[in-house]
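These notes concern the structure reproduced below.
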Amino acid sequence: MKEKNSSGSIRNGSELAALRDEITDFNLRILDLLNRRAGVVRQVREFKERHAMDMFSPSREKEMLDILVEANRGPFDDSAVRHLFREVFRTSLGMMESPGEKRLVVSRGAGCPDVVVRVGDREVGRAPIIIAGPCSVEDREQMDMVGGALSRLGVGFLRGGAFKPRTSPYSFQGLGEEGVLMLEEVGRRHGMATVSEVVDTRTVSLMAEHVDLLQVGSRNMANYELLKEVAGTGKPVLLKRGFAATLNEFMRAAEYLASAGNENLILCERGIRSFERETRFTLDLSAVPLLKSMCRLPVIVDVSHAAGRRDVIPALARAALAAGAHGVMIEVHPNPVLARSDSQQQLDLEQFEAFLDSVETFLKPSSQA
Ligand code: PEP
Ligand code: MN
Numbered sequence: 041m042k043e044k045n046s047s048g049s050i051r052n053g054s055e056l057a058a059l060r061d062e063i064t065d066f067n068l069r070i071l072d073l074l075n076r077r078a079g080v081v082r083q084v085r086e087f088k089e090r091h092a093m094d095m096f097s098p099s100r101e102k103e104m105l106d107i108l109v110e111a112n113r114g115p116f117d118d119s120a121v122r123h124l125f126r127e128v129f130r131t132s133l134g135m136m137e138s139p140g141e142k143r144l145v146v147s148r149g150a151g152c153p154d155v156v157v158r159v160g161d162r163e164v165g166r167a168p169i170i171i172a173g174p175c176s177v178e179d180r181e182q183m184d185m186v187g188g189a190l191s192r193l194g195v196g197f198l199r200g201g202a203f204k205p206r207t208s209p210y211s212f213q214g215l216g217e218e219g220v221l222m223l224e225e226v227g228r229r230h231g232m233a234t235v236s237e238v239v240d241t242r243t244v245s246l247m248a249e250h251v252d253l254l255q256v257g258s259r260n261m262a263n264y265e266l267l268k269e270v271a272g273t274g275k276p277v278l279l280k281r282g283f284a285a286t287l288n289e290f291m292r293a294a295e296y297l298a299s300a301g302n303e304n305l306i307l308c309e310r311g312i313r314s315f316e317r318e319t320r321f322t323l324d325l326s327a328v329p330l331l332k333s334m335c336r337l338p339v340i341v342d343v344s345h346a347a348g349r350r351d352v353i354p355a356l357a358r359a360a361l362a363a364g365a366h367g368v369m370i371e372v373h374p375n376p377v378l379a380r381s382d383s384q385q386q387l388d389l390e391q392f393e394a395f396l397d398s399v400e401t402f403l404k405p406s407s408q409a
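Numbering (the working numbering), first residue to last: 41 to 409.
Right, dumping it as structure tokens:
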């Protein structure tokens with residue numbers, strides 16, 4: 041009795057294994073056919089692109105389903121056939137997506153490595169960096185004082201706005217070309233890489249000639265013509281998030297540069313507009329891990345423009361670095377009370393030194409999330 045049972049189950053087992061093998065074989069044949077079908081779909085796509093035709097053709101889909109239902113001999117019923125093939129069509133339609141919807145160059149997961157941006161002999165995207173300097177370039181003495189102090193403290197990047205996008209047309213608009221040249225001179229003297237904002241397509245080539253890292257500011261994140269022009273210079277770019285832009289919009293703005301062949305790109309979270317009035321903007325720290333998981337680009341945080349006040353800057357910088365930022369930007373001025381722009385948020389040199397002490401442990405590469 042026992043033996044019969046056991047030999048019966050062995051027979052059943054081998055019968056089941058044979059059936060399963062048959063199913064596996066069918067799966068492989070279906071997979072092969074689906075992939076061959078996908079190859080033809082790709083050719084259709086290329087043909088349609090060449091002839092500027094619509095990718096989606098509902099009448100063609102109906103025609104194909106009608107043929108399939110007509111040919112169906114079961115055991116699947118007609119609605120199951122429709123369901124199965126709709127999935128096949130939908131997946132193929134994914135391959136027909138317009139270029140605007142395809143996987144972004146900047147996005148993670150396309151198998152491309154993370155971007156490490158090179159600015160001269162410096163790298164952004166590995167150990168955290170600090171970009172510091174005044175909101176605006178005001179005069180040679182101011183720049184030299186701040187550049188000298190920052191370089192002695194080991195800061196590698198000197199910022200300073202020469203073309204200033206101000207809320208009021210009556211506010212200081214920056215020194216323009218004179219300011220750019222001043223920044224360049226001081227940066228060279230102290231061995232620092234320079235960072236300055238380009239606000240306008242007309243001054244892109246001037247900026248590209250004299251500035252090491254071109255900043256596109258929050259107000260211009262969605263100025264696509266400017267982004268294209270900046271991309272064309274091939275210079276490294278620091279792209280700030282628009283203060284009313286979603287992360288998705290921010291990523292797509294970066295894509296304007298990357299798709300034009302300029303992947304030397306750093307993203308900068310700098311606060312978004314919210315109902316809160318204690319700070320100038322609201323620092324969106326979740327942007328740091330989210331952008332890092334969405335994109336291959338380094339992500340830094342400008343704590344000064346986010347806060348608009350100096351007291352919370354060290355805490356925000358520590359939080360940004362703890363969240364995994366590849367660096368922070370801070371405005372520093374030898375005499376913030378006299379600053380011609382953003383005087384409330386700039387640290388003086390003593391405050392900046394204390395700031396550095398307070399973030400020191402977060403600047404170690406090991407603190408990267
Ligand atoms: C700046 O960095 O000088 C500046 C104007 O910043 P944002 O574009 O973030 O406002
Ligand atoms: Mn500023």
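Here a beta-carbon is modelled for each residue, glycine too, at the ideal position from N, C-alpha and C.
Query                                                                                                                                               : Result
Beta-carbon distances below 6 Å to any heavy atom of the ligand MN define the shell here; list its residues in chain order, please.                 : Cys175, His345, Glu371, Ser381 and Asp382
Only counting the same chain, and skipping five residues up and downstream in sequence, which positions put a Cβ closer than 6 Å to that of Pro405? : Ala167
Can Asp14 and Arg310 be called in contact, C-beta distance under 8 Å?                                                                               : With the chain covering only 41 through 409, there is no way to say anything about residue 14.
Using 8 Å as the threshold, is the stretch 281-298 in touch with the stretch 381-390, meaning 3 or more CB pairs across them?                       : no
Less than 8 Å between the beta carbons of Val235 and Ile171, yes or no?                                                                             : yes
What span of residues does the alpha helix (DSSP H) with Thr191 cover, start to end?                                                                : One point to set straight first is that residue 191 is Ser, not Thr, in the sequence displayed. First-last of the alpha helix (DSSP H) with Ser191: Arg180 to Arg192.
In this structure, does DSSP put Gln408 in helix, strand or coil?                                                                                   : Any reading at Gln408 is ruled out, since the residue's pLDDT is 49, under 50, leaving its predicted position unreliable.
With Ala233 and Gly200 assumed to form a contact (beta carbons below 8 Å), what rounded beta-carbon distance in angstroms separates them?           : Wrong, their Cβ atoms sit about 12 Å apart, outside the cutoff.
Can you tell me whether Asp397 sits near the ligand PEP, meaning its C-beta is under 7 Å from at least one heavy atom of the ligand?                : no
What do you reckon, is the C-beta of Pro205 under 7 Å from a heavy atom of the ligand PEP?                                                          : yes
Hey, Ala347 and Gln385 are a contact pair by Cβ (cut 8 Å); roughly how many whole angstroms apart?                                                  : 6 Å
Report whether the distance from the Cβ of Ser258 to the nearest heavy atom of the ligand PEP is below 7 Å.                                         : yes
May I ask you to report which of helix, strand or coil DSSP gives Ser208?                                                                           : coil
Need the endpoints of the alpha helix (DSSP H) that Asp397 sits in, please.                                                                         : Leu389 to Val399
Is Gln83 near the ligand PEP - that is, is its Cβ less than 7 Å away from at least one heavy atom of it?                                            : no
So Thr131 is in the alpha helix (DSSP H); what residue range does that whole segment cover?                                                         : Asp118 to Met135
Between Gln255 and the ligand PEP, is the CB less than 7 Å from at least one heavy atom?                                                            : yes
Any heavy atom of the ligand PEP closer than 7 Å to the CB of Asp411?                                                                               : Residue coverage of the chain in this structure runs from 41 to 409, which leaves residue 411 outside it and unanswerable.
Output the distance between the C-alpha atoms of Leu133 and Arg126, rounded to the nearest integer angstrom.                                        : 10 Å
CB-CB under 6 Å to Phe212, same chain, minus the five flanking residues each way: which ones, in chain order?                                       : Arg380 and Ser381
Given 8 Å as the limit, is there contact between the stretch 263-272 and the stretch 310-325, that is, 3 or more CB pairs closer than that?         : no
Could you check which residue in His345, Thr241, Glu181 and Arg259 has the C-alpha nearest to that of Val226?                                       : Glu181
Look up Ala233 in the DSSP assignment and say whether it is helix, strand or coil.                                                                  : strand
I'd like the list of long-range same chain contacts for Ala189, defined as Cβ closer than 6 Å, with 5 residues on each side in sequence excluded.   : Leu389
Taking 8 Å as the threshold (C-beta atoms), are Leu356 and Leu331 in contact?                                                                       : no
Taking 8 Å as the threshold (C-beta atoms), are Met291 and Met334 in contact?                                                                       : yes
Report whether the distance from the Cβ of Lys280 to the nearest heavy atom of the ligand PEP is below 7 Å.                                         : yes
Please state whether DSSP places Thr273 in a helix, a strand or coil.                                                                               : helix
Tell me whether Gly216, by its Cβ, gets closer than 7 Å to a heavy atom of the ligand PEP.                                                          : no
Kindly identify the DSSP beta-bridge partner or partners of Thr322.                                                                                 : Ile312
DSSP state of Arg380, grouped into three classes?                                                                                                   : coil
For Asn304, which residues in the same chain have their Cβ closer than 6 Å to its Cβ, ignoring the five residues on either side in sequence?        : Val157 and Pro276
Identify every residue that forms a DSSP beta bridge with Met369.                                                                                   : Ile171 and Asp342
Considering only DSSP beta bridges, list what Arg162 is partnered with.                                                                             : Val159
Would you identify the three-state DSSP class for Arg143, choosing helix, strand or coil?                                                           : coil
Please confirm whether Gly187 and His230 have their CB atoms less than 8 Å apart.                                                                   : yes
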